[in-house]
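Residue numbers (this note's numbering), protein chains in the order written: chain A, 19 to 107; chain B, 248 to 521.
Worksheet: the structure to be examined is printed underneath.
Here you go:
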């Protein structure tokens, strides 16, 4: 990181995005009481179920977020699939 | 609003926040004044029993004879307790009791009181106490609509989320949001939550963006609402909130960075935007 970038607020992790990330976690936690352990367990089980139908899914690569929507909250999961696998059907 | 039997029905709107010190009272005073300036008959009610404040913010502290608890307990009639604003004859204040316990009023009494007020006024604005306890619950008991005030800080946003849950559980419908004390310069530098961030987190309808503004300090010192001050960015923002409340489509202006003298002087170099 260049001196000037640093001096004038360069690419350091900005505190606002940090605040937002922390709040995302806290608000979900306040509402759903979902502990990190439960979240991890959920990912493992999601991977288990999906692996029955799709090329092997790695629980460690799943990203799960609970977001607030207008009427409902919703769960958003990013689940990368392994590409270039032979036909599973 | 008119009922089928011809009885006048004003709107009861509670201003609340969860966290203290985010600007509920300032918002209530300015919104009340703005609505009255725009031609509405308005009463602002201080529901923070035991911690009376709306009167000093509006500069009406010397005129108080009776208060909300006197009315509820029958020592005064509503008309006797209402204090008329210094400038606007269509704006009234119902002050909180200062010497009484916060539990001096029940939920039923608040519902009854707001029911009486809405027959006389177009807008009944209730300044809620901080917290999620009885005072808050009383303040929303008679409300048709709820406005939540927050600042772009983690603690205030978190508490706002709690309050949203409670307002929804009380079936008051989705509340609307005022984001107060935005500092555009910090937001541009990525060092303050933006309005978009707060909206994404809280997921309710936005009704106002109020910049952090020194004129709020001076206007509060004088006991005059900032909406009278044409130089006040915050005042203009509150006038916009009032117009949106009345159903007008008012675009949200892009906030200008407020510069200090030194920054203006050195402004030619160094500062990066976005």
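For every residue, glycine included, the Cβ atom is placed at its ideal position computed from N, Cα and C.
Since the model is a prediction, treat every value here as computed from it, not as a measurement.
DSSP, read as helix, strand or coil, puts residue 440/B in coil. Three or more Cβ pairs closer than 8 Å define a contact, and the stretch 457–464 of chain B falls short of that threshold against the stretch 290–302 of chain B. In this structure the stretch 383–394 of chain B lies against the stretch 261–279 of chain B, because at least three pairs of beta carbons, one per stretch, are closer than 8 Å.
Here residue 423/B is bridged, per DSSP, to 394/B and 452/B.
No Cβ of chain B is located within less than 7 Å of the beta carbon of residue 95/A. Taking 9 Å as the cut-off between beta carbons, the residues of the stretch 412–426 of chain B near chain A are 412 and 421, in sequence order.
By the Cβ rule, the stretch 45–65 of chain A counts as touching the stretch 74–83 of chain A, because three or more pairs are nearer than 8 Å. Distance from the Cα of residue 337/B is smallest, within the candidate group 271/B, 371/B and 503/B, for 371/B. Each residue's CA atom was taken as its position, placing residue 60/A and residue 465/B some 54 Å apart.
At a C-beta separation below 7 Å, residue 318/B has no neighbours in chain A, since its nearest C-beta there lies roughly 37 Å away. Secondary structure of residue 51/A (DSSP, three-state): coil. Residue environment analysis places residue 362/B among the exposed positions, since fewer than 16 neighbouring C-beta atoms fall within 10 angstroms of its C-beta.
For the pair residue 449/B and residue 407/B, the CB atoms are nearer than the 7 Å cut-off. Counting along the chain, residue 410/B sits inside the alpha helix (DSSP H) bounded by residues 401–416.
In the three-state reduction of the DSSP assignment, residue 71/A falls in the coil class, being assigned neither a helical nor a strand state. Taking 7 Å as the CB threshold, residue 405/B lines the interface with chain A.
Residues of the same chain with a CB within less than 7 Å of the CB of residue 463/B, apart from the 5 flanking positions on each side, are 273, 473 and 481 in chain order. Residue 428/B sits in a strand when the DSSP states are folded into three classes. One thing to note: residue 99/A has its Cβ within 7 Å of the Cβ of residue 72/A. One finds 405, 408, 409 and 412 in chain B with Cβ atoms closer than 9 Å to the Cβ of residue 48/A, taken in chain order.
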